[in-house]
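Participant: In UniProt numbering, the protein residues as written are 1 to 112.
Positions of the beta carbon are idealized from the N, C-alpha and C atoms, including for glycine.
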């Protein structure tokens, strides 16, 4: 079992983050699902792991963020700037810095 899991909205977000990681971290997609039951089903296998939420800076992302705050108040929330709007369109260096600020190990080439 991994110690950390990042919850994102879709596969484009997952594909954007995965190459940055330099430690075992699972990235799971909600695929826009915003129900407490579905979130619980997705995260049940990660009981005891550190949970990170990395959603888009839009209405859908804020709705998922609010749901995760209610259901998993211990989750740490990571943010992309509204200028970039989506995790998938945020520059890699910006994503790397945000992940690093959460003590998630990043490949050094993304920090140069």
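For residue 14, count neighbouring C-beta atoms within 10 Å of its own C-beta (all shown protein chains included) and say buried if the count is 16 or more, exposed if not.
Facilitator: Position 14 of the chain shown, counting from 1, holds the residue named residue 14. Buried, by the Cβ-count rule.
Participant: So, is residue 18 buried or exposed, given that buried needs 16 or more other C-beta atoms within 10 angstroms?
Facilitator: Mapped onto the chain shown, residue 18 falls at position 18. Classification for residue 18: exposed.
Participant: Using a 10 Å radius around the Cβ and a threshold of 16 neighbouring Cβ atoms, would you call residue 65 buried or exposed?
Facilitator: Sequence index remark: in the chain shown, residue 65 carries index 65 (1-based). The C-beta of residue 65 has 16 or more other C-beta atoms within 10 Å across all chains shown, which makes the residue buried.
Participant: Of all the alpha helix (DSSP H) runs that stay within the bounds of the region 51 to 76, which reach a length of 4 or more residues?
Facilitator: Annotation note: the region 51 to 76 contains the following uninterrupted alpha helix (DSSP H) runs of length 4 or greater, listed N- to C-terminal: 59 to 71.
Participant: What's the call for residue 61, buried or exposed, on a 16-neighbour Cβ count within 10 Å?
Facilitator: Translated into the one-based positions of the chain shown, residue 61 becomes position 61. Per the 10 Å Cβ criterion, buried.
Participant: At the level of alpha carbons, what is the spacing between residue 104 and residue 23?
Facilitator: As a working mapping, residue 104 is identified with position 104 in the chain shown. As a working mapping, residue 23 is identified with position 23 in the chain shown. When rounded, the distance between both Cα atoms is 7 Å.
Participant: Report buried or exposed for residue 111, applying the criterion of at least 16 other Cβ atoms within 10 angstroms of its Cβ.
Facilitator: Stepping through the chain shown from its first residue, residue 111 is reached at position 111. So residue 111 ends up on the exposed side.
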